[in-house]
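Residue numbers (the UniProt record's numbering): 1 to 117.
Here is the structure:
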């Protein structure tokens, strides 16, 4: 499905769940993490109510293409099906985050993303 430049071919759309499944199958030699299928995020519709969050799952998004790759993660361009808005989603290969320094990096990055959004 991937083209030489790392993008998905324009005729092939896959769900984000399929992509995550594909990433997990490539890392099958590592034990699976207990990562949740959904994470809390601020919802635009409830932006006026402080502290209100909505749970989004991978099924709420459609993968458009891979927009970046790193040693620990991929960044995906995704569309929220409900609103048809485009977002970037970072998928971290948790099996590769093994030592304390890596864990600190992931937690710091998570904090930056939470603060920025």
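No residue lacks a Cβ here, since even glycine has one placed at the ideal position from N, Cα and C.
Please report the straight-line C-alpha distance between residue 68 and residue 56, rounded to a whole angstrom.
In the chain shown, the residue the question calls residue 68 occupies position 68. In the chain shown, the residue the question calls residue 56 occupies position 56. Between residue 68 and residue 56, the C-alpha separation is close to 22 Å.
Quick one: give me the first and last residue of the alpha helix (DSSP H) that residue 110 is part of.
Locating residue 110 in the chain shown gives position 110, where the first residue counts as 1. Start and end: 100 to 116.
Helix, strand or coil: which one does DSSP assign to residue 81?
By one-based count along the chain shown, residue 81 stands at place 81. In the structure shown, residue 81 sits in coil (DSSP, three-state: anything other than H, G, I, E or B).
May I ask which residues mark the beginning and end of the beta strand (DSSP E) holding residue 118?
Absent from the model: residue 118. The displayed extent of the chain is 1 to 117, so no value can be given.
Would residue 96 be called buried (16 or more neighbouring beta carbons within 10 Å of its own) or exposed?
Position 96 of the chain shown holds residue 96. Classification of residue 96: exposed, given that the 10 Å Cβ count is below 16.
Here's a check: name, in chain order, each residue in its chain whose Cβ is nearer than 8 Å to the Cβ of residue 71, leaving out the five neighbours to either side.
Residue 71 sits at position 71 when you count from the first residue of the chain shown. Around residue 71: 96.
In three-state DSSP terms, what is residue 74?
Reading the chain shown from its first residue, position 74 is the one you call residue 74. In the structure shown, residue 74 sits in a strand (DSSP, three-state: E or B).
Where does residue 66 land, buried or exposed, given buried means 16+ other C-beta within 10 angstroms?
The count along the chain shown starts at 1 and reaches residue 66 at position 66. Buried, since its Cβ has 16 or more Cβ neighbours within 10 Å.
Less than 6 Å between C-beta atoms, sequence neighbours within five positions excluded: which residues of the same chain meet that for residue 74?
Within the chain shown, residue 74 is the residue found at index 74, counting from 1. The answer, listed in chain order, is 66, 91.
Who pairs with residue 91 in a beta bridge, going by DSSP?
Counting from 1 along the chain shown, the entry for residue 91 is found at position 91. DSSP output for residue 91 lists 74 as bridge partner(s).
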